[in-house]
Amino acid sequence: MNRTAVIRFLIVQSLTSLTGPAYKLKPCVCVCFPPRYLFSLQMKRDLLEGKLSCTENTASLLASHLLQSEIGDYDDLADRDFLKLNKLLPNQERIQERIMELHYRHLGQTPADSDFQVLEIARKLEMYGVRFHPAADREGTKINLAVAHIGLQVFQGNTKINTFNWSKIRKLSFKRKRFLIKLYPEVHVSTDTLEFQMVSRDQCKIFWKNCVEHHSFFRLLDQPQPKSKAILFSRGSSFRYRYLWSSMDSPQLSPFNSKSSPLCLSPSFQMSTLSLPGAGQAPSPLQSPILSEVGTNRLEEEEEEGRRKRYPTDKAYFIAKEILTTERTYLKDLEVITVWFRSAVIKENAMPEGLMTLLFSNIDPIYEFHRGFLKEVDQRLALWSGRSNAHVKGDYQRIGDVMLRNMCALKEFTNYLQKHDEVLTELEKATKRLKKLETVYKEFELQKVCYLPLNTFLLKPIQRLMHYKLILERLCKHYSPDHPDHNNCREALKEVAEMTNQLQSSLIRLENFQKLSELQRDLIGIENLTAPGREFIREGCLYKLTKKGLQQRMFFLFSDQLLYTSKGVTATNQFKVHGQLPLHGMIVEESENEWSVPHCFTIYSLTPPPPPCPSPPSSGSSDEVSLDQESEDDMSSSRNSLDKQTHHRANSTMHVCWHRNTSVSMSDHSLAVENQLSGYLLRKFKNSNGWQKLWVVFTNFCLFFYKTHQVLATRRTLNTH
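The sequence shown lines up with residues -24 to -1, 1 to 697 when you count with mature numbering (1 follows the signal peptide of the UniProt record, and there is no 0).
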């Protein structure tokens, strides 16, 4: 039995369990024989698989040492027989004579010396230990990424074009197939984030784990010390409750400093004031329960008084703060139309000149007005909170004069608001008529900046008036009649109420048309949903009793018909219409006793339902026949090329109802418009150590998270219904 067979059973487990080779910087210094032999076997495998890049002469030299290690001194017949039966190199036949020539020079060399020479030659190679991971840069250029002890290397072919040292890398992350490198700002001036596209998510994750291990190891200065455990008391769960004030971006707040800020209370902080007297010691006089209670109350009173001096505590301030935060979000919503959608249609030349003039001539003046209004409110809040001119605060602790002045100016834009009905109608007609505009419209809705259906943003100016009315009603209710700001708020409320009364009927009609238009695009297999006279009533989830049991279905109730749909498993993530049931002649009866299912009812449609488009199912005299004949596996239908290429957004109300298994009526939509909020919140994951401050927008039954209020793209979405 040769030397290889003797120890193979010792190392087979370690070789097969390796997901990737572990390379030593100087493998030849291994004194122990088995590890050195393991490294030589690794080099042998790399040579055979072509993973060790080197010249033909170097490959021949390595193969000759491996030959000496396996069969001993040179023998022409033995060499040829071994090379015929065993493959050491991919191109072994072409350089076989060169291998035998070099083998002849190793006379008298022991197998251990041969292994040593293999490792000594390999470690001097530039590509030793380098594993290529195919990727592409942002421009789509094919490159290879590799991990080395000096850093992350980038290759084009076999040529190294860049190296990112571990000390210059701030963070490594991946998202699906995208591998992200964040550098320290002073290193890379143009951008501090580099992005590469890997072959698959699994390959990206493997490469990311490899990078993180090297990044952590080569940046360690000292051995990490284990955390000391508590001797007397156990902390229990690592989760700590925090009390957070509602206005997290109030001036001069530092919510992360629990010692100085009265807005962040922690049980662990309160417990730290307690102490246990030592054995045999008398308790201190200050530890008397009576004295301790008096001292604690005095301390709380002093902290409360200091908090009142430092921060505004008037409820009117926080109502005014709500005006500021929601106005910021509202201005960003207007920019979706005035800036981003305008740029998209101009770039593709997709919108007719007349429609473009109608749309932007009505929205641009409103946008410019609210820019000035936001600036004025921001300045007033800065004076109120003491961020500027803190010595003259008396006349600035109010908001009614600002609201009255701007509400009077806003009345001049009523004519523009009344034209929004025409704008929405003409845009919908042009989208149906012009395929190019329809494509631009749908592609724009898929961008992160358009976090809601596009036509929703066209209703924001009128809906904003309703919000002003509610806020001013709260201010008037808060102020006493003799308050200096009461009269201004009352007059501003009258101005807003006059505008809302003029636009109320138009808003109801626009919201209904907007909802029907949204469903027309989001549902597959339905046409002419925006028919005149049709009103949307409610949407929600019900469980339909089928041959396969209870299955979730999405229902849409209109003034003249009932639609039931199922969610597709296609890339578009849309809902497919399975049936249309006319309300005329429909019968609904309870059937809990018949099916033994709580809250169960049966629907009978005496009128034959119209066949859904584009593939009509067989229809019968009653709905029971059509429901039974529905295909449970029919989750796809014909759709245009755009739908096949893109992913449908999942933040519409139908998706909220689907995921929350609930229903939403048209009145709920109107209430949701009146209860929009924006502001900073602190978020903390269960396993994280600290709080993360994020800008949060609550609208359309969803929470949208942003890094700051200036950022356009959402980071995360949470359904709240």
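Each residue gets a CB set at the ideal place from its N, CA and C atoms; glycine is no exception.
Please read all numbers here as calculations on a predicted model, not as lab measurements.
| Item | Value |
| --- | --- |
| Does DSSP classify Val472 as helix, strand or coil? | helix |
| With 16 as the cutoff for other CB atoms within 10 Å, does residue 698 come out buried or exposed? | Shown here, the chain extends from -24 to 697; a query on residue 698 therefore has no answer. |
| For the pair the stretch 147 to 157 and the stretch 171 to 180, tell me if three or more CB-CB distances fall below 8 Å. | yes |
| Quick check on DSSP: helix, strand or coil for Lys185? | helix |
| Straight-line CA distance for Leu539 to Lys387? | 41 Å |
| Shortest alpha-carbon distance to Val315 belongs to which of Gln490, Met332, Ser581? | Met332 |
| Count Cβ pairs between the stretch 131 to 146 and the stretch 68 to 88 that sit closer than 8 Å; are there 3 or more? | no |
| Go ahead and pull the three-state DSSP assignment for Thr684. | coil |
| Which of the three DSSP states, helix, strand or coil, is assigned to Phe677? | coil |
| Taking Met327 as part of the beta strand (DSSP E), name the residues at either end of that continuous run. | Here Met327 belongs to no beta strand (DSSP E), and DSSP marks it neither H nor E. |
| To the nearest angstrom, report how far apart Glu414 and Tyr455 are at their CA atoms. | 50 Å |
| Could you tell me the boundaries of the beta strand (DSSP E) in which residue 740 lies? | With the chain running from -24 to 697 in the structure shown, residue 740 is simply not present. |
| Would you check if there are 3 or more beta carbon pairs closer than 8 Å linking the stretch 472 to 482 to the stretch 632 to 646? | no |
| When the Cα atoms are used, what is the spatial distance from Lys118 to Gly133? | 8 Å |
| With a 10 Å radius around its C-beta and 16 neighbouring C-beta atoms as the bar for buried, classify Arg304 as buried or exposed. | buried |
| By how many angstroms is the C-alpha of Ser641 removed from the C-alpha of Ser542? | 19 Å |
| In the DSSP assignment, find the alpha helix (DSSP H) that holds Glu46 and state where it starts and stops. | 32 to 47 |
| Give the straight-line distance between the Cα atoms of Leu23 and Leu128, rounded to the nearest whole angstrom. | 23 Å |
| Helix, strand or coil, according to DSSP, for Asn120 in the structure here? | strand |
| Roughly how many angstroms separate the alpha carbons of Lys27 and Met19, rounded to a whole number? | 9 Å |
| Quick one: what does DSSP say Asn477 is sitting in, helix, strand or coil? | helix |
| By how many angstroms is the C-alpha of Arg99 removed from the C-alpha of Glu324? | 56 Å |
| Does DSSP put Ser493 in a helix, a strand or coil? | helix |
| I'd like to check one pair, Ile47 with Ala39: are the Cβ atoms closer than 7 Å? | no |
| If you follow the alpha helix (DSSP H) that Gln652 is in, where does it begin and where does it stop? | Neither: Gln652 is in no alpha helix (DSSP H) and is coded neither H nor E. |
| So the candidates are Lys453, Glu471, Asn186, Arg497; which of them puts its Cα closest to the Cα of Gly105? | Asn186 |
| Just how far apart, CA to CA, sit Leu335 and Leu647? | 27 Å |
| So for His109, helix, strand or coil by DSSP? | strand |
| Leaving out five residues before and five after Lys181 in sequence, what residues of the same chain have Cβ atoms less than 7 Å from its Cβ? | Phe150 |
| Identify the residues that DSSP records as bridge partners of Tyr540: which are they? | Phe531, Gly555 |
| Thinking C-alpha only, which one of Tyr444, Gln44, Ser36 is nearest Arg70? | Ser36 |
| Taking the beta strand (DSSP E) that Tyr580 falls in, what are its first and last residues? | 577 to 581 |
| Run the CB neighbour count on Val416, radius 10 Å, all protein chains shown included, and call it buried at 16 or more, exposed below. | buried |
| From Val553, Arg514, Arg510, Asp536, pick the residue whose C-alpha is nearest to that of Arg529; which is it? | Val553 |
| Take the Cβ of His575 as the centre, count every other Cβ of all protein chains shown within 10 Å, and call the residue buried at 16 or more, exposed below. | exposed |
| Strictly by DSSP, which residues pair up with Arg641? | Sequence check: residue 641 is Ser here, not Arg. Bridge partners of Ser641: Arg514. |
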